[in-house]
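What follows is one structure encoded as structure tokens, with my remarks underneath.
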Amino acid sequence: MQTFSSQHFALLREWQGRKYDRDNPDHQRVYQELKTAYDLTKQWADGVLAALFPSGTVTCRRRPTNQGNNFERYNWARIYPTKNAPERLAYTVGIEAEGSFVVKIDTVHLSDNDPIRKKYAEMRGPYNNTSTIVAMLSAADGVDRPISDLVAWSVGEINKFSAGYDELAKALGLGSLDDEEILRRFDGKAAFKSARASWTPQETELFCRLARLVHERDLDWWHIDTDIEVRFGRKEPGSERAIGVLGTIHGRASRTLSLRHDLGDLSKFTRQPVTADLVTQLEAALSSSSAVLLDWAAPSQDRPGYWPDEASFEKAEGDVESERDGIQLSAKAGSLLPRNIIYYGPPGTGKTFAVRRLIEADYQETTATHDADEWRRSFIAEKFSELRWWEAIAAALYDLRKPSKVTEIRDHQIIRTVEAANNNNHVPSTIYRVLASHAIAAAQGQAHAPIIFEKSENALWSLAGEWNEACGEIVKLVDELRRGPPAGSVIKRYEFVTFHQSYGYEEFVEGLRPLLDGEGEGSGVAYRIRPGVFRVLCEAAKAAPDHRFAIIIDEINRGNISKIFGELITLIEVDKRRGMKQEITVTLPYSGDKFSVPANVDIIGTMNTADRSLALLDTALRRRFDFKPVYPDSRDEAGAPLQGLRVQTEEATIDIPQMLSAINERIEALYDRDHTIGHAYFERLKDRPDGLERFEALSAIFRANIVPLLEEYFFEDWQKIRLVLGDNQKEPQTQFVAEVGDAQEQYRRLFGANSSIDSFAAKPRFALQPGAFSMPSAYVGIYKIFR
Numbered sequence: 001m002q003t004f005s006s007q008h009f010a011l012l013r014e015w016q017g018r019k020y021d022r023d024n025p026d027h028q029r030v031y032q033e034l035k036t037a038y039d040l041t042k043q044w045a046d047g048v049l050a051a052l053f054p055s056g057t058v059t060c061r062r063r064p065t066n067q068g069n070n071f072e073r074y075n076w077a078r079i080y081p082t083k084n085a086p087e088r089l090a091y092t093v094g095i096e097a098e099g100s101f102v103v104k105i106d107t108v109h110l111s112d113n114d115p116i117r118k119k120y121a122e123m124r125g126p127y128n129n130t131s132t133i134v135a136m137l138s139a140a141d142g143v144d145r146p147i148s149d150l151v152a153w154s155v156g157e158i159n160k161f162s163a164g165y166d167e168l169a170k171a172l173g174l175g176s177l178d179d180e181e182i183l184r185r186f187d188g189k190a191a192f193k194s195a196r197a198s199w200t201p202q203e204t205e206l207f208c209r210l211a212r213l214v215h216e217r218d219l220d221w222w223h224i225d226t227d228i229e230v231r232f233g234r235k236e237p238g239s240e241r242a243i244g245v246l247g248t249i250h251g252r253a254s255r256t257l258s259l260r261h262d263l264g265d266l267s268k269f270t271r272q273p274v275t276a277d278l279v280t281q282l283e284a285a286l287s288s289s290s291a292v293l294l295d296w297a298a299p300s301q302d303r304p305g306y307w308p309d310e311a312s313f314e315k316a317e318g319d320v321e322s323e324r325d326g327i328q329l330s331a332k333a334g335s336l337l338p339r340n341i342i343y344y345g346p347p348g349t350g351k352t353f354a355v356r357r358l359i360e361a362d363y364q365e366t367t368a369t370h371d372a373d374e375w376r377r378s379f380i381a382e383k384f385s386e387l388r389w390w391e392a393i394a395a396a397l398y399d400l401r402k403p404s405k406v407t408e409i410r411d412h413q414i415i416r417t418v419e420a421a422n423n424n425n426h427v428p429s430t431i432y433r434v435l436a437s438h439a440i441a442a443a444q445g446q447a448h449a450p451i452i453f454e455k456s457e458n459a460l461w462s463l464a465g466e467w468n469e470a471c472g473e474i475v476k477l478v479d480e481l482r483r484g485p486p487a488g489s490v491i492k493r494y495e496f497v498t499f500h501q502s503y504g505y506e507e508f509v510e511g512l513r514p515l516l517d518g519e520g521e522g523s524g525v526a527y528r529i530r531p532g533v534f535r536v537l538c539e540a541a542k543a544a545p546d547h548r549f550a551i552i553i554d555e556i557n558r559g560n561i562s563k564i565f566g567e568l569i570t571l572i573e574v575d576k577r578r579g580m581k582q583e584i585t586v587t588l589p590y591s592g593d594k595f596s597v598p599a600n601v602d603i604i605g606t607m608n609t610a611d612r613s614l615a616l617l618d619t620a621l622r623r624r625f626d627f628k629p630v631y632p633d634s635r636d637e638a639g640a641p642l643q644g645l646r647v648q649t650e651e652a653t654i655d656i657p658q659m660l661s662a663i664n665e666r667i668e669a670l671y672d673r674d675h676t677i678g679h680a681y682f683e684r685l686k687d688r689p690d691g692l693e694r695f696e697a698l699s700a701i702f703r704a705n706i707v708p709l710l711e712e713y714f715f716e717d718w719q720k721i722r723l724v725l726g727d728n729q730k731e732p733q734t735q736f737v738a739e740v741g742d743a744q745e746q747y748r749r750l751f752g753a754n755s756s757i758d759s760f761a762a763k764p765r766f767a768l769q770p771g772a773f774s775m776p777s778a779y780v781g782i783y784k785i786f787r
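And the structure:
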């Protein structure tokens with residue numbers, strides 16, 4: 001059984017302040033001996049934690065030297081009674097060179113001139129056993145005693161302290177940060193604030209837990225200037241470069257974490273999902289790796305960590321840490337797992353908006369950050385792939401700027417792009433035929449307008465005749481291509497499609513298309529094999545493996561998945577992608593080409609749950625995608641989409657978040673959560689000046705969107721619609737839907753008093769009251785009983 005010894009105190013006294021020489025054997029021996037004392041201090045602190053604060057945490061430095069690499073005069077471990085305790089105050093246990101075991105409540109990382117530290121010193125009084133929050137045990141009484149004895153002594157002394165931790169923290173103004181306060185430290189970047197508004201409570205809790213963990217280890221958090229990534233490590237305020245980056249949190253759609261260094265038993269990794277298990281592993285790793293972390297801090301600097309609102313953004317150009325670290329931060333796209341995600345939820349919840357933010361963050365770049373070659377490939381694919389063959393040949397000749405052989409024309413990038421778009425396996429013969437049929441010397445009966453090509457005696461082809469008039473638009477496109485990317489232009493690495501009942505494999509993967517303008521073989525109808533939008537995107541992704549690409553599928557549940565994806569339904573699985581261990585390649589039915597889905601292609605869909613239930617989706621689709629709910633957000637708090645949204649009128653103030661919450665609670669009770677009303681319907685009110693104009697906009701939203709949607713949901717069951725809108729609890733004039741007349745009287749009037757129809761079966765009749773839509777009290781009445 002190891003115990004503290006008198007040797008530990010002797011070494012602290014003898015070596016305090018001396019510079020540690022790693023190459024000196026005596027220094028190494030002392031360092032290891034004092035490190036053993038630190039291990040004992042950690043055991044001591046863990047024992048106190050278990051006895052008094054089982055839900056708290058222990059921080060132990062376990063390094064005998066300070067930031068300047070000088071031996072310290074003490075060692076210590078801090079005990080925080082709860083995980084959310086303020087980091088500037090802690091119970092501390094340790095040993096000191098003067099010859100004492102000490103347990104106390106002490107401030108953390110505050111200089112003697114700090115106002116909080118000064119106030120604490122007044123409350124503490126003398127630093128000895130006369131203080132009511134400090135207890136000391138002489139070395140002679142404590143050495144060679146079991147750690148359990150020191151734990152028992154510490155517990156007893158802490159219980160005698162006149163002021164408890166919470167009382168002292170409150171007196172010093174050191175309240176713990178709750179989740180919302182932590183998030184506000186990050187909200188200085190609008191993109192982050194906007195993105196986190198859509199997080200689930202579980203995602204928010206995990207992020208805040210990780211944020212506290214990093215901050216408690218005296219590490220810094222900061223944003224980068226071009227994305228919503230958040231990094232942690234060491235970075236000084238005002239500096240554009242980090243001293244060292246330990247980790248990065250990525251992603252708008254789902255948070256992933258990259259760890260840049262090995263920490264204890266935890267090896268570095270790239271883009272793992274942020275889960276409770278991962279955060280628990282980090283807690284253990286950070287607790288056991290203090291020495292590694294402290295190596296990052298600048299010499300002679302011992303300070304608490306900075307939050308993002310205390311640090312400057314990091315410049316992202318180059319995206320490389322300082323030479324001290326030398327690790328490239330931006331992982332290659334090919335090293336990241338592909339994402340198959342479907343955002344689902346009721347209408348108006350911001351599914352498309354969430355995808356748009358994801359596109360801006362991950363799948364497009366400005367000309368300042370991508371190379372000219374990629375822009376050229378993208379421009380040609382977008383502008384030239386739909387050209388007819390004579391147009392493509394004319395564009396190639398104009399760009400070549402000289403008479404050229406067919407082989408030179410064949411090798412031009414524009415021709416290659418049109419070839420890929422048409423899946424033509426006989427390009428040389430096609431070029432010869434098109435050149436001949438549009439040439440000045442074309443044989444009679446074989447000429448096709450426009451006549452714009454000419455062949456020389458050396459078999460060189462050039463533009464001739466009235467080519468300027470026929471090729472005006474083509475010339476503009478080629479000139480634009482030659483000029484290169486304009487300032488501020490954006491390159492997109494995604495395609496957007498909408499599924500519907502008629503959408504099929506031919507549009508998505510590949511299919512047959514008729515040839516036009518006599519470009520087929522002979523005089524009959526000819527067809528070409530045309531690649532679909534997904535195959536074209538995959539080819540672009542193969543050409544740029546260092547970037548991520550995405551196919552965005554709106555209303556993915558409206559299409560026949562088996563019909564659209566065909567044999568590709570297996571290929572889109574993460575472990576079946578190109579380059580994966582279980583890669584699968586198929587032969588496409590029309591072209592006969594070998595095809596596989598690149599790993600740098602993401603598939604992102606949106607789905608309206610009110611349109612079709614998740615349970616009705618193709619089973620093959622369900623197990624190949626991650627489903628992320630996007631439900632209405634009626635919170636009235638910082639970061640929420642409807643935060644503070646009110647409609648002020650002379651008669652009343654309409655609380656939009658409270659109104660939407662009341663409507664949706666009733667819909668969930670009468671129907672289900674998948675048919676609630678989305679917050680996006682009301683976000684547009686923010687753009688209208690408060691007062692009459694905003695009220696009129698609210699009235700229009702109810703007339704054009706909310707009431708018709710409720711009619712659809714409840715199949716014109718007006719009694720339920722009345723319940724949702726609270727009309728059964730309002731004054732008659734403020735009811736949006738009112739019962740018209742007496743149903744039994746209506747039956748007697750229509751069929752007579754002696755009819756055989758049971759008057760008690762009379763069906764109530766309802767009608768919309770247009771006047772109610774112009775009354776503020778009608779909207780307040782929706783939620784007033786919820787107050």
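Residue numbers (my numbering): 1 to 787. All residues carry an ideal CB built from backbone N, CA and C; glycine is no exception.
Please classify Asp655 as buried or exposed, where buried requires at least 16 neighbouring CB atoms within 10 angstroms.
Here the question's residue 655 lines up with position 655 in the sequence shown. Classification of Asp655: buried, given that the 10 Å Cβ count is 16 or more.
If you draw a straight line from the alpha carbon of Ala767 to that of Phe736, how long is it in whole angstroms?
For the purposes of this step, residue 767 is taken as residue 767 along the sequence shown, with counting starting at 1. For the purposes of this step, residue 736 is taken as residue 736 along the sequence shown, with counting starting at 1. Roughly 8 angstroms between the two C-alpha positions.
Excluding the five sequence neighbours on either side, which residues of its own chain have a C-beta within less than 8 angstroms of the C-beta of Trp221, listed in chain order?
Translated into positions along the sequence shown, residue 221 becomes position 221. Taken in chain order, the residues that qualify are Arg185, Phe186, Ala211, Val214, His215, Val230, Arg231, Phe232, Gly305, Tyr306, Trp307, Pro308 and Ala311.
Could you compute how far the alpha carbon of Leu477 sits from the alpha carbon of Pro486?
The residue given as residue 477 occupies position 477 in the sequence shown. The residue given as residue 486 occupies position 486 in the sequence shown. Between Leu477 and Pro486, the C-alpha separation is close to 13 angstroms.
Where do the ends of the beta strand (DSSP E) carrying Tyr343 lie?
What you label residue 343 is simply residue 343 of the sequence shown in a count that begins at 1. First-last of the beta strand (DSSP E) with Tyr343: Asn340 to Gly345.
Ala169, enclosing alpha helix (DSSP H) - first and last residue
Stepping through the sequence shown from its first residue, residue 169 is reached at position 169. Start and end: Tyr165 to Leu172.
Thr407 (DSSP reduced to helix, strand or coil):
Residue numbering aside, residue 407 sits at position 407 when the sequence shown is read from its first letter. Three-state result, Thr407: helix.
In terms of alpha-carbon separation, which member of Arg703, Tyr779 and Ala704 lies closest to Asp727?
Here residue 727 refers to the residue found at position 727 of the sequence shown. Nearest of Arg703, Tyr779 and Ala704 to Asp727, Cα basis: Tyr779.
Best match in Pro629, Arg29 and Asn24 for proximity to Tyr343 [C-alpha to C-alpha]:
Here residue 343 refers to the residue found at position 343 of the sequence shown. Closest option to Tyr343, Cα to Cα, is Pro629.
What residues are listed by DSSP as bridge partners for Gly233?
Translated into the one-based positions of the sequence shown, residue 233 becomes position 233. The partner list for Gly233 (beta bridge, DSSP) reads Asp220 and Val245.
Contacts around Ile491, its chain only, beta-carbon distance under 6 angstroms, and the 5 residues preceding and following it disregarded:
As a first step, residue 491 is located in the sequence shown; it is residue number 491 there, counting from the start. Excluding sequence neighbours, Ile491 sits near Glu365, His370, Trp375 and Ser378.
If we ignore side chains and look at the alpha-carbon of each, how far apart do Thr649 and Arg623 end up?
Walking along the sequence shown from the start, residue 649 turns up at place 649. Walking along the sequence shown from the start, residue 623 turns up at place 623. Between the alpha carbons of Thr649 and Arg623 lies a distance of about 51 angstroms.
Rounded C-alpha distance that separates Glu457 from Tyr432:
Walking along the sequence shown from the start, residue 457 turns up at place 457. Walking along the sequence shown from the start, residue 432 turns up at place 432. If I take the Cα positions, the gap works out to 16 angstroms.
Tell me the start and end of each unbroken beta strand (DSSP E) in the segment 401-476 that is at least 3 residues and wholly inside, in chain order.
453-455 and 461-463
Determine the closest residue to Ser258 out of Leu266, Gly247 and Glu181, with distance taken between C-alpha atoms.
Within the sequence shown, the letter at position 258 stands for residue 258. Considering only alpha carbons, the answer is Gly247.
If we count the other Cβ atoms within 10 Å of its Cβ and call it buried at 16 or more, is Asp21 buried or exposed?
Locating residue 21 in the sequence shown gives position 21, where the first residue counts as 1. Classified as exposed, Asp21 has fewer than 16 neighbouring CB atoms from the shown chains inside 10 Å of its CB.
List the endpoints of the continuous alpha helix (DSSP H) containing Gly781.
The sequence position of residue 781 within the sequence shown is 781, counting from 1. Where Gly781 is concerned, the enclosing alpha helix (DSSP H) stretches over Pro776 to Tyr783.
As assigned by DSSP and simplified to three states, the class of Leu263
Taking the sequence shown and counting its residues from 1, the one referred to as residue 263 is at position 263. Residue state, collapsed to three classes: strand.
Below 6 angstroms CB to CB, which residues in the same chain sit around Asp575 once its five sequence neighbours on both sides are set aside?
Here the question's residue 575 lines up with position 575 in the sequence shown. Excluding positions up to five away in sequence, the list reads Gln582.
Given Leu435 as reference, the closest of Asp399, Asn422, Trp389 and His426 once Cα atoms are compared
The residue labelled residue 435 in the question sits at position 435 within the sequence shown. Of Asp399, Asn422, Trp389 and His426, the residue nearest in Cα terms is Trp389.
Return yes when the Cβ of Leu286 is within less than 8 angstroms of the Cβ of Leu263, no when it is not.
As a first step, residue 263 is located in the sequence shown; it is residue number 263 there, counting from the start. As a first step, residue 286 is located in the sequence shown; it is residue number 286 there, counting from the start. Closer than 8 angstroms, so yes.
Quick one: any contact between the segment 593-609 and the segment 352-361, if contact means 3 or more CB pairs under 8 angstroms?
Output reads yes: the segment 352-361 touches the segment 593-609.
Tell me which same chain residues have a C-beta within less than 6 angstroms of the C-beta of Glu323, skipping the five on either side of it?
Taking the first residue of the sequence shown as position 1, residue 323 is located at position 323. Its pLDDT being 29, under 50, Glu323 is placed unreliably in this model, and the coordinates cannot settle the point.
Can you tell me where the beta strand (DSSP E) holding Phe695 begins and where it ends?
Position 695 of the sequence shown, counted from the start, is the residue given in the question as residue 695. Where Phe695 is concerned, there is no enclosing beta strand (DSSP E), although the alpha helix (DSSP H) around it starts and stops at Leu692 to Ile701.
Are Tyr74 and Ile158 closer than 8 angstroms when you measure CB to CB?
To locate residue 74, count along the sequence shown from 1; it is residue 74. To locate residue 158, count along the sequence shown from 1; it is residue 158. No, Cβ-Cβ distance for Tyr74 and Ile158 is not below 8 angstroms.
Just verifying my parser: in three-state terms, what is the DSSP assignment at Trp307?
Here residue 307 is taken as the residue at index 307 of the sequence shown, counted from 1. Assignment of Trp307 by DSSP, reduced to helix, strand and coil, places it in the coil class.
What is the C-beta distance between Glu72 and Pro64, in whole angstroms, given that I count them as a contact (C-beta under 8 angstroms)?
Stepping through the sequence shown from its first residue, residue 72 is reached at position 72. Stepping through the sequence shown from its first residue, residue 64 is reached at position 64. Their Cβ separation, rounded to whole angstroms, is 6 angstroms, which keeps Glu72 and Pro64 in contact under 8 angstroms.
Asp325 (DSSP reduced to helix, strand or coil):
Here residue 325 is taken as the residue at index 325 of the sequence shown, counted from 1. For Asp325, the predicted structure reports a pLDDT of 31, less than 50, and the residue's modelled location is therefore unreliable. A value from the coordinates is still provided. Coil.
Alpha-carbon to alpha-carbon, Leu645 and Arg635:
Counting from 1 along the sequence shown, the entry for residue 635 is found at position 635. Counting from 1 along the sequence shown, the entry for residue 645 is found at position 645. So the alpha carbons of these two residues sit roughly 10 angstroms apart.
Contact defined as beta carbons within less than 8 angstroms: I believe Pro346 pairs with Pro632. What is the distance between those atoms, to the nearest angstrom?
If you number the sequence shown from 1, residue 346 lands on position 346. If you number the sequence shown from 1, residue 632 lands on position 632. That belief holds up - the Cβ atoms of Pro346 and Pro632 are roughly 7 angstroms apart, short of 8 angstroms.
Which residues in the same chain have their Cβ closer than 6 angstroms to the Cβ of Gly579, if we skip the five residues on either side of it in sequence?
By one-based count along the sequence shown, residue 579 stands at place 579. Within the same chain, Gly579 has close Cβ partners Ala599.
Report, in whole angstroms, the separation of the C-beta atoms of Val509 and Arg535, which I expect to be a contact under 8 angstroms.
Taking the first residue of the sequence shown as 1, we reach residue 509 at position 509. Taking the first residue of the sequence shown as 1, we reach residue 535 at position 535. Indeed, because the Cβ distance is near 5 angstroms, the residues count as touching under 8 angstroms.
Specify, as a first and last residue, the run of the beta strand (DSSP E) that Ser100 falls within.
As a working mapping, residue 100 is identified with position 100 in the sequence shown. That run of the beta strand (DSSP E) goes Ser100 to Thr107.
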